[in-house]
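Colleague:
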Amino acid sequence: MRIGPAVAMGLLVGLWVPGALAQGDEDCLACHSEIDLFEGLDDPSRLVVTEEQHLGSLHGSIGLACVDCHMDLAGSDDYPHAEILLPVDCGMCHPDTQELFAGSMHGYALERGDALAPTCASCHGTHDILPASDPDSPTHESRLHEICASCHGAAGVLTNQIVKFPETVASYARSVHGPSNGGGGGATCDDCHHVHEVRGVADPESRIHRANLARTCGGCHEGIRDEYERSIHGRALQAGLHDSPTCTDCHGEHLILSPSDPDSKSHASRQATESCGNCHNDPVIIAKYSLRGDAVGTYVDSYHGWTTRRGYMSAATCVSCHTAHLVLPHTEPQSTIHADNLVQTCGQCHKRADEAFASSYTHEQLSVTANPVNRWIRGIYWVLITGVIGGMVLHNLVILNFHAVRKRRQLGQATTVRRLDHVQLAQHALMALSFIVLTITGFALRYPDAGWVSLLTAIGLDEPLRANVHRIAGVAMLIVALTHVLYVILARRGREEFRAMVPSRRDLREAVDNLRYHTWRRERPADFGRYDYTQKAEYWAIVWGTALMALTGAVLWFPDLAVKLVPAWVVTASQTVHFYEAWLAALAIVVWHFFFVLFHPDVYPMSWTWLSGKVDRRSVEKHHPRWYREELAGEPVAADDD
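Heads up: the sequence shown begins at 1005 in our numbering, then just goes up one per residue.
1. Quick check on S1623: buried or exposed, where buried means 16 or more other Cβ atoms within 10 Å of its Cβ?
2. Does K1540 come out as helix, strand or coil in the three-state DSSP assignment?
3. Would you give the residue range spanned by the beta strand (DSSP E) that R1356 belongs to?
4. Taking buried to mean at least 16 other C-beta atoms within 10 Å of its own C-beta, is H1334 buried or exposed?
5. When DSSP labels each residue in this structure, what does V1387 get in the three-state scheme?
6. When the Cα atoms are used, what is the spatial distance from A1320 to I1403?
7. Please return the same chain residues whose Cβ sits closer than 7 Å to the Cβ of C1174, not counting the five positions on each side in sequence.
8. If you draw a straight line from the alpha carbon of G1111 to that of H1149, how long is it in whole angstroms?
9. Which of helix, strand or coil does DSSP assign to K1292?
10. Going by Cα to Cα distance, which pick from D1046, L1059, S1049 is closest to E959?
11. Would you check if the distance between the CB atom of V958 and the CB atom of I1039 is smaller than 8 Å?
12. Hey, would you say Y1303 sits closer than 8 Å to G1309, going by beta carbons?
13. Please confirm whether D1132 and S1061 have their CB atoms less than 8 Å apart.
14. For A1125 versus L1114, is the C-beta spacing smaller than 8 Å?
15. Verify whether the separation of the beta carbon atoms of L1434 and V1484 is less than 8 Å.
16. Less than 8 Å between the beta carbons of L1033 and E1055, yes or no?
17. Hey, quick one: how far does the beta strand (DSSP E) through K1269 stretch, first residue to last?
18. Is the beta carbon of C1353 less than 8 Å from the beta carbon of T1340?
19. For T1373, count neighbouring C-beta atoms within 10 Å of its own C-beta (all shown protein chains included) and say buried if the count is 16 or more, exposed if not.
20. For R1450, collect the residues of the same chain with a Cβ closer than 7 Å to its Cβ; drop the 5 residues on either side in sequence, then sort them by chain order.
21. Helix, strand or coil: which one does DSSP assign to R1229?
22. Which runs of the beta strand (DSSP E) fall wholly inside the region 1416-1472 and span at least 3 residues, in chain order?
23. Just to confirm the assignment: which complete alpha helix (DSSP H) runs, minimum length 4, are found wholly within the region 1108-1146?
24. Along the alpha helix (DSSP H) that carries K1626, what are the first and last residues, could you check?
25. Round the Cβ separation of G1238 and M1109 to the nearest angstrom and send it over; I've been treating them as touching at under 8 Å.
26. Exposed or buried, what is A1642 when buried is set at 16 or more other beta-carbons lying within 10 Å of its beta-carbon?
27. Can you give me the C-alpha to C-alpha distance between V1559 and A1566, rounded to a whole angstrom?
28. State the start and end residues of the unbroken alpha helix (DSSP H) segment that holds Q1102.
29. My output table needs one value for A1637: the three-state DSSP class, helix, strand or coil.
30. Does DSSP put D1618 in a helix, in a strand, or in coil?
31. In terms of alpha-carbon separation, which member of T1130, F1502, D1072 lies closest to Y1543?
32. Could you please give the first and the last residue of the uninterrupted alpha helix (DSSP H) stretch that includes C1350?
33. Reducing DSSP to helix, strand and coil, say where D1093 ends up.
34. State the start and end residues of the unbroken alpha helix (DSSP H) segment that holds C1224.
35. Helix, strand or coil, according to DSSP, for R1630 in the structure here?
36. Buried or exposed: T1192, going by 16 or more other Cβ atoms within 10 Å of its Cβ?
If you want it as structure tokens, here you go:
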């Protein structure tokens, strides 16, 4: 670097008069060492410098005078001097550094008048500049990231200016290079970005341009750089194919973690899908370069892939066979997967590996489409599974149907009691139908990647049709609900049924009695009336759920109108409520309702009440004894009575 004349003179003076003020500095310090003189000004500390500070700085220690930097005051005897001085020109002494800075992104920002652009003082300070080798210097390697963070950190001035900048310093601090991982000896900001010539990633001259990254990282990782540049990835990148991965594609940019860290992309459990898979499982890259389309899939669906996903880190990963950096095609003799080297590669884990073993577990052998044996085996088993299991299902359905029909015939011959009238049967049927349609079409939206949803889409249930069917089913359920309200208000039986459904304290006692009976702590069953607590709970759950789903569904159907009546947060809250209430309702039907009408030992394989509206009088006497005594005793109903 060329040294300016002022620096040379200062060095000579410093040699002869160590620790002494330069001529004229006494006059400056007479005022500028007194902070009281500058009270009331913005940031008065920037105008104050003590003799100790000046002599302790790099410039003061070599004898530079105040006027060597504030050159417009040289020879001036007019005090107080002008308030506005010319900017200090560091390039007078540091021309090479000034030239590098001028060509950097920081220099461009300063030249175009960006008020947030850094200057020399932003990083080095003003009157207390220390050499970068001094641990107290802000540019010391242990503190450099703090200086960069003042602009590039979470609270930095560049955050959200024009565009969203990444919070690089926080990521760096957590990385293997950062101070939170031991510090000292790790790469600092300037190792990758340069000290003064900080260029953008798109600049071909930049150290962090894709074509230059291997050389930049190779400043510390020389052996790895040499391997990478010899690899197919490195050769492709140097040939101008910027789709080819470089260091940051696999390791990250600032948040570079150890391969042993579970959060690292290069960790064994994530390597195939997130590191190598970024390219080798990308349909665009695969088609563009005619790569294998099943490389990742055959690994993930193999013993090695299954075990790494389970957390077994000793199983082979991509780099176990292909190496981490010297990745070569199988046709090259130096490749670890060349035919002559496969036994040695497999032998790293399998000590008894031979040529036959080495050829048994390749991507080709694992592929169902490329391996005709696997393809035939899979086809045979699909037919076998479909035939055998399908036959079992049909066989058991025949038996189940026999018992269901026999139960229906027994009910027809028995003395029965009317449980549901025709209106209630119709309401139940329409409610059940609309509920099933709503459940299917609702979850189809929420789980679009599920296999059954893909099947529905394939047969024509696209999004517009799904949405319309869902809304029609919702309206149908509302109509059923309104019909039920009218039935309760206008029909005598409806009012009687409603009164019987009203919860009471007795329900709590009966619930306790029922559980005690079924845990062998009570001799007699609970004395249930017309409806027990399980039926009342389900009825009122339907009332509550229907009202809640109707309200939230209306908000989601007409959000533009809803926000005119309610706060905006209600829309997203309705979406959340709608989803979880749907799960609650669906699970309640499967776990609660289906148990009592399908799987309860006294009704299995199915209660016919939902179709006939009738229930066996003996069943009433057994399960609802209080109803039987109060309303039915002495009033038998014929089997054919409607």
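C-beta: ideal position from N, C-alpha, C; glycine also. What you are looking at is a predicted structure, and each value in this text was computed from that prediction instead of being measured.
Modeller: For this structure:
1. buried
2. K1540: helix per DSSP, three-state reduction.
3. Judged by DSSP secondary structure, R1356 falls outside any beta strand (DSSP E); it is assigned neither H nor E.
4. exposed
5. helix
6. 50 Å
7. The displayed chain sequence assigns Ala, not Cys, to residue 1174. The beta carbon of A1174 lies closer than 7 Å to those of G1157, A1158 in the same chain, with the five residues before and after it left out.
8. 20 Å
9. helix
10. The structure shown does not extend to residue 959, since the chain is modelled only from 1005 to 1646, so the question has no answer here.
11. What is shown of the chain runs 1005 to 1646, which leaves residue 958 out entirely.
12. Yes; because the gap between Cβ atoms is below 8 Å, this pair is in contact.
13. yes
14. no
15. yes
16. yes
17. Taken as a continuous stretch (DSSP letters only), K1269 belongs to no beta strand (DSSP E), as it is neither H nor E.
18. no
19. exposed
20. F1583
21. helix
22. 1420-1422
23. Entirely contained in the region 1108-1146, the alpha helix (DSSP H) runs reaching 4 residues are, in chain order, 1109-1115, 1124-1128.
24. Per DSSP, the continuous alpha helix (DSSP H) segment holding K1626 begins and ends at 1621-1627.
25. In fact, because the Cβ distance is near 27 Å, the residues do not count as touching under 8 Å.
26. Any reading at A1642 must be qualified, since the residue scores a pLDDT of 40, below 50, and its modelled position is unreliable; the value itself is stated next. Answer is exposed; the Cβ neighbour count stays below 16.
27. Rounded to whole angstroms, V1559 to A1566 spans 6 Å at the Cα level.
28. 1099-1106
29. coil
30. The sequence shown places Lys at residue 1618, rather than the Asp named in the question. In this structure, K1618 counts as strand in the three-state DSSP scheme.
31. F1502
32. 1346-1350
33. coil
34. Premise fails: C1224 is in no alpha helix (DSSP H) and is neither H nor E.
35. helix
36. Counting Cβ neighbours within 10 Å, T1192 comes out buried, since at least 16 surround it.
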